[in-house]
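Residue numbers (our numbering): 8 to 170.
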Amino acid sequence: EGFYNVLKNDVSMIGGGQFGTDETKTFGQCGTTPPTRAPTRAPTRVPTRAPTRAPRAPTRAPTPVPTRAPTPVPTRAPTPAPQTPPPTPAPQTPPPTPAPQTPPPTPAPLTPPPAPFQAPPPTPAPQTPPTPAPQTPAPTSNPTPAPQTPAPTSNPTPAPQTP
């Protein structure tokens, strides 16, 4: 089973084949092709002229300053009047919005509302003056030395004279 067919210009040149077999077939005429010839023309010649020399120094003076004054600023052409656009058409008015549906009134409660909260009255300020601070010095970590009193002597001190 199986088949192959080689066509050239819709003409069968060779065919055959069987699955599982090897086959070698030669067809057509193959000859030796002679090598292509070498080019007949020689390459183009090298240019004969030497390159041009670099210029030595400028030969001409700079160009003269222009003799004519510059042209005046052009005047402006009048601008054409603006073309007014056609008026904008009035907007299409939408139909009126229907009135909102109101819910029925809420019935009154059957129980009376609770009494509002009342705060207690403020506490009055005390009428007695504050206790004064003690006048005695506060104790310290170092003991205070006892005052030096003169010891009695055998000579009495005279009493001061009153004028």
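Even for Gly, the Cβ is constructed at its ideal location relative to N, Cα and C.
ask   = Identify the residues that DSSP records as bridge partners of Gly22: which are they?
value = Asn12
query = Ordered along the chain, which non-local residues of its own chain (more than five positions away) have a Cβ less than 7 Å from that of Tyr11?
reply = The residues are Gly22, Gly23 and Gly24.
ask   = Based on Cα-Cα distance, which residue from Thr43, Phe26 and Met20 lies nearest to Lys32?
value = Met20
message = With a threshold of 8 Å on Cβ separation, who are the neighbours of Gln239 within its own chain once the five nearest residues in sequence on each side are excluded?
response = Residue coverage of the chain in this structure runs from 8 to 170, which leaves residue 239 outside it and unanswerable.
ask   = Taking the C-alpha atoms as reference points, what is the distance between Pro5 and Pro127?
value = This structure gives no information on residue 5, because the portion of the chain shown stretches from 8 to 170.
message = Between the alpha carbons of Pro92 and Pro77, how many angstroms are there, rounded?
response = 43 Å
ask   = Hey, how far is the Cα of Thr74 from the Cα of Ala64?
value = Separation of Thr74 and Ala64 (C-alpha to C-alpha, rounded to the nearest whole angstrom) is 27 Å.
request  = Can you tell me which of Arg48, Asp17, Thr51 and Gly9 puts its alpha carbon nearest to the alpha carbon of Gly27?
outcome  = Gly9
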